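Residue numbers are given in the working numbering: position 7 of the sequence shown equals residue 215, and the series is strictly consecutive. Quick reminder that beta carbons are idealized off the backbone N, C-alpha and C, glycines included. Small disclaimer: the values here were computed from a predicted structure and weren't measured. As structure tokens, the structure follows; a few thoughts come after it.
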Amino acid sequence: SLEDHRIPHFRAEWFQGKKCVDIGCNEGLVSLSIAVQFHPASVLGIDIDTFLVGKAQEKLGRLRRSAARQAAQLEADDRKDAVQLEANANAEADVDADAGAGTNTDTNRSRGGAAGAVLHGGG
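Below is the structure:
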């Protein structure tokens, strides 16, 4: 878990938007928890033990990679939503056109959905 047991006792206004220094940060658990929970302008963790600073840097790296994966997943989900919206819009347009022409709406819906997917498939 990436949260120190003391964090629930902290207040957001102590950290939010502020420059924070954690002297004696050890492995960085409090520093990273503050960064994630309270969104300070910056956090600087300082410790005399280089081994513990290395551990803190490893945790920071894992946290950054996790955030990057989450951001990529959100972006992929947004692209899928955009494709679906386009497909739905095309299907609705086909239904409106079919209502006047008397053609088969199921065939046109499929064609509209495929066109939407190709349009947004590259990115």
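Hey, how far is the Cα of residue i from the Cα of residue j?
i    : j    : result
I254 : C233 : 6 Å
A284 : E221 : 34 Å
N296 : L282 : 21 Å
G320 : K288 : For G320, the predicted model reports a pLDDT of 42, less than 50, meaning its position is unreliable; a value from the coordinates is still stated below. Distance between the alpha carbons of G320 and K288 is about 16 Å.
I215 : A276 : 24 Å
Q278 : R270 : 12 Å
K227 : A249 : 5 Å
R219 : D230 : 16 Å
G262 : D286 : 36 Å
H217 : V291 : 44 Å
R273 : A280 : 10 Å
Helix, strand or coil for residue i? Go by DSSP, reduced to three states.
i    : result
D314 : No answer about D314 holds up, because its pLDDT of 47 lies below 50 and its placement is not dependable.
G253 : strand
H247 : coil
E221 : helix
D212 : coil
N296 : helix
E283 : helix
G269 : helix
G236 : coil
DSSP has residue i in a bridge; who is on the other side?
i    : result
V229 : L252
Quick one, are the C-beta atoms of residue i and residue j less than 8 Å apart?
i    : j    : result
Q224 : F246 : yes
T251 : A243 : Reading the sequence as shown, one finds Val at residue 251 and not Thr. Contact: yes.
L240 : K267 : yes
L237 : D257 : no
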